[in-house]
Every structure is written in structure tokens, then in C-alpha cells.
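This report refers to the structure that appears directly beneath it.
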Amino acid sequence: MNKILLTLVLGIFLLSFASAEIQTLGTFKQDNSISLIQICASCTFNNITSVNNPNSFQIVGEQVMTKVGSVYNFTLSSGNTSVLGEYIVNGIGDLDGTNTIWTYNFFITADGKPFQAFPNEFAAIGLAFLLIISGLFNNRLNLLKHMGSIILMVMGVLTLYPGYNFINHTNLFGLSLGSILIGIGFYFLIEDSFSREEQADRFNQPQRRGGQRDDFDDDNGFFFEQDESNLKITRRTKTSGSVIDNTVNQPSWNLDNLDGG
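Per my numbering, residue 524 is the first one in the sequence shown, and the count goes up by one each step.
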């Protein structure tokens, strides 16, 4: 008995939910004109009573719809479709001689494609982050980090213009997301230029002085290696076909005195 009662209650709930489901006109691209239609063969009139945008602001009031056969039409101008999201259309018609209220919705997205909970663009953004992380943990994969940075910047631009789903430069979330993606991508693209390790490697390269060569290539010359406190000097000389290397360590402050020695 309890199971039967529970089934009846559940059935009534589902029936009421289904009957309350709002009809939809479809999905359209931002800033485009839209034909709001209503089909009724037994009506003598159909009028728009209101159109509300996603911010619950009424953008259209009482409007008479144009009749062509059994199709009633009202064109919503492009200036009224700049906000991304769900719009609600309310109207009234005399179905079979009885005034009947009707309603439906439509959606405005940045690219005109139906809304997706997880758009394809998010997959590209995720891939870009994976490439960047791979490059950060392995210097040999530094090229992947740069590729990921470029992808992230491109996706940031596409997020702003033209955008996708309910996301682009016309709302705060889209503006923030696009700007952040561009900023992160740009940072990791040039991050090596500001890396202390990279700068240290450059400054610790063997120094050349006086036009002398540091590879020696069978020539006489000096080779200098300097750290914070010491200077390592190697002098190579070629005598009677033999090459002799003499290496000494001196305080780095004596570097300027070497030319006179």
C-alpha cells in the first residue's frame, strides 16, 4: 500500500513538473535581431505582453504581433539582445475564442551555439595549463611551456572576443577570465627572462678580456673564471710545439691589475 501511494505521489510530482516546463524558441547570437513567433490557427490575434532580459529587466512592453496565415511574428531588434543569458517572452492570444496566456524563452550566447556546461574551449585551456606545468617541472620540456603560454593567450583573446556560452567581454566573469588567461600566458612566456637561475647562468659564463679568446685554439691567451670572491686565471702558452696551462686563483678585486702584469 505504501509503495502504491509513493508511486502515485511521485507520478503527480513528475506530471506537474513536466506541465510547468517552459517552451523554448532556441539559441541565438548576441547583438542579432530575433523573430519572436507564435503559431495559432484558431486565433484572431496574438500580442507580446513583455520581454524580459537575463537581468529581469523588461526590454519590451505591449506589442502587436504581425499575422501571416497562422503565424504571428514580432521582431526583437539587435539592440535588445546584447545581454548574454536567458530571455523570457510573455504573450496573449485568443485560442479558440478564449484569451490564453502563453510564455516561452530563448537564449543569447556569445557565439550563437547552444549553452554547454563544459564548453570545448575549457578543454583547450586545460591543455595549455598541462603544457605549462610540464615545462615547469622539466627544463627539457621548456618548449611545451612556451606552447602552452601561447595557447593560453589565444584562448584569453577568444574568451574576450567573441566569447562563448554566456562568457565574453560584456560581462564581468568573461572580462576577468579572458584578462587572467592572457596575463598568465604572457607571464610564463617571458618568465625565463626574469628567472634568477637563468640570469646567474649568464653571468657565470667565462669572461673575455682584451679581445683574447677563451677557447685557446692553439693560440696563447688568458682564460678567466670568476665567482663572488675568487678569480681563476688560466694562462696558456705554446712553446716549442708544447702547450702549457698555468692556473692561479686571485681575489676578484685584482682583475683590473691583470692588464699591467
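Backbone N, C-alpha and C fix where the C-beta goes; we use that ideal spot for every residue, glycine too.
query: According to DSSP, residues forming a beta bridge with Tyr595; result: Gln561 and Lys590
query: Residue(s) in a DSSP beta bridge with Asn628; result: Thr547 and Ile611
query: Assigned exposure category for Tyr595 - 16 Cβ within 10 Å defines buried; result: buried
query: Short Cβ contact (8 Å threshold) for Ile673 with Gly649; result: no
query: Those residues which DSSP pairs with Asn576 across a bridge; result: Asn576 is not bridged to any residue.
query: Reference Gln546; option with closest CA among Lys590, Thr621, Phe630 and Thr693; result: Phe630
query: 8 Å Cβ cutoff met for Val574 and Leu548; result: no
query: Distance CB(Pro577)-CB(Gly602) smaller than 8 Å; result: no
query: Residues that Leu618 bridges to, as DSSP identifies them; result: Thr621
query: Cross-strand partners of Val809 (DSSP beta bridge); result: Past the boundaries of the shown model lies residue 809; the chain is included only from 524 to 784, so the question cannot be answered.
query: Between the CA atoms of Phe652 and Ala564 - distance to the nearest angstrom; result: 56 Å
query: Whether Val612 touches Asn622 by CB criterion (8 Å); result: no
query: Within 8 Å, strictly: CB atoms of Phe638 and Phe696; result: no
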